[in-house]
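To start, the structure itself, in structure tokens.
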Amino acid sequence: MARARGSPCPPLPPGRMSWPHGALLFLWLFSPPLGAGGGGVAVTSAAGGGSPPATSCPVACSCSNQASRVICTRRDLAEVPASIPVNTRYLNLQENGIQVIRTDTFKHLRHLEILQLSKNLVRKIEVGAFNGLPSLNTLELFDNRLTTVPTQAFEYLSKLRELWLRNNPIESIPSYAFNRVPSLRRLDLGELKRLEYISEAAFEGLVNLRYLNLGMCNLKDIPNLTALVRLEELELSG
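For reference, each letter of the sequence shown is one residue, going -35 to -1, 1 to 203 in mature numbering (1 follows the signal peptide of the UniProt record, and there is no 0).
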């Protein structure tokens, strides 16, 4: 058998069947590596393949620290951007026009620790709006248009330490309003100027609360605080 031009291999013994050596060499030289595009064997991850999670910065935002810090302030946003990077730890959405926080809006942000939604037009927070945020420790909702405490939306925020609801047109605080977040240490309810009623059991379950702000709420009576067994600081000024 004639030796293929450029092949380093010796001729095969008679009677042995195989591809021509030149064809094998051609395939080896010009075939794409495994996992590459254009006909190579696709390699998927153990998580099931498909499109990788979003890691790029949304157009309306600025990102830093490898997209773990995302700032989307003063961008006239009507809704929360859908493409917030999955590794975000700090998300600032202040001073926009967001009115509704919808169910599962942040469910892919498992590493998020600080969420700032203050100074928007938020009037409604749907049940499950904060699903999928096991690392969240600070939630800022001050200077919005909430008329009720979004009690059910706080479920599953097992690490929440600070909740800011200051300066919303909230009219009453019902029983067990915060019992889904017993981890709270700071609760800011200052400047609730339309507040007319606080239930006797409003603060039940807040066994870890250290700081409570009820200043500038025009309260006629001090509410029942016996459930706050670890309270260290109470603001009632104004």
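Don't be surprised by glycine CBs; every beta carbon is placed ideally from N, CA and C.
Check, Outcome
"Assign phenylalanine -10 to one of three DSSP states: helix, strand, or coil.", "With a pLDDT of 39 at phenylalanine -10, under the threshold of 50, the modelled position of that residue is not reliable, and no figure is offered here."
"Ends of the beta strand (DSSP E) at asparagine 57?", "55 to 57"
"DSSP state of glutamine 81, grouped into three classes?", "strand"
"Looking at the structure shown, is threonine 103 part of a helix, part of a strand, or coil, going by DSSP?", "strand"
"As an exercise, report each continuous beta strand (DSSP E) stretch of at least 3 residues that is fully enclosed by the segment 101 to 135, in chain order.", "103 to 105 and 127 to 129"
"Would you report the Cα separation of residue 208 and isoleucine 79, rounded to the nearest angstrom?", "Any question about residue 208 goes unanswered here, given that the chain covers just -35 to 203."
"Could you name the residues of the same chain whose beta carbon sits closer than 6 angstroms to that of serine 10, not counting the 5 residues immediately before and after it, in chain order?", "With a pLDDT of 31 at serine 10, under the threshold of 50, the modelled position of this residue cannot be trusted, and the question is left open."
"Over the uninterrupted beta strand (DSSP E) stretch that includes serine 27, give me the two end residues.", "27 to 29"
"To the nearest angstrom, report how far apart isoleucine 90 and proline 134 are at their CA atoms.", "14 angstroms"
"By DSSP, does residue 212 sit in helix, in strand, or in coil?", "Given a span of -35 to 203 for the chain in the structure shown, any question on residue 212 remains unanswerable."
"Along the chain, where does the beta strand (DSSP E) containing residue 205 start, and where does it finish?", "Only positions -35 to 203 of the chain appear in this structure, which leaves residue 205 out of reach."
"Looking at the structure shown, is isoleucine 163 part of a helix, part of a strand, or coil, going by DSSP?", "strand"
"Note the first and the last residue of the continuous beta strand (DSSP E) segment covering glutamate 198.", "198 to 200"
"Please report the distance separating the alpha-carbon of tyrosine 162 from that of lysine 185.", "10 angstroms"
"Provide the residue(s) that pair with lysine 89 in DSSP beta bridges, ordered along the chain.", "Val65"
"Between glutamine 117 and valine 87, which are expected to be in contact by the criterion C-beta below 8 angstroms, what is the C-beta distance as a whole number of angstroms?", "At roughly 16 angstroms, the Cβ-Cβ gap does not stay under 8 angstroms, so glutamine 117 and valine 87 are not in contact."
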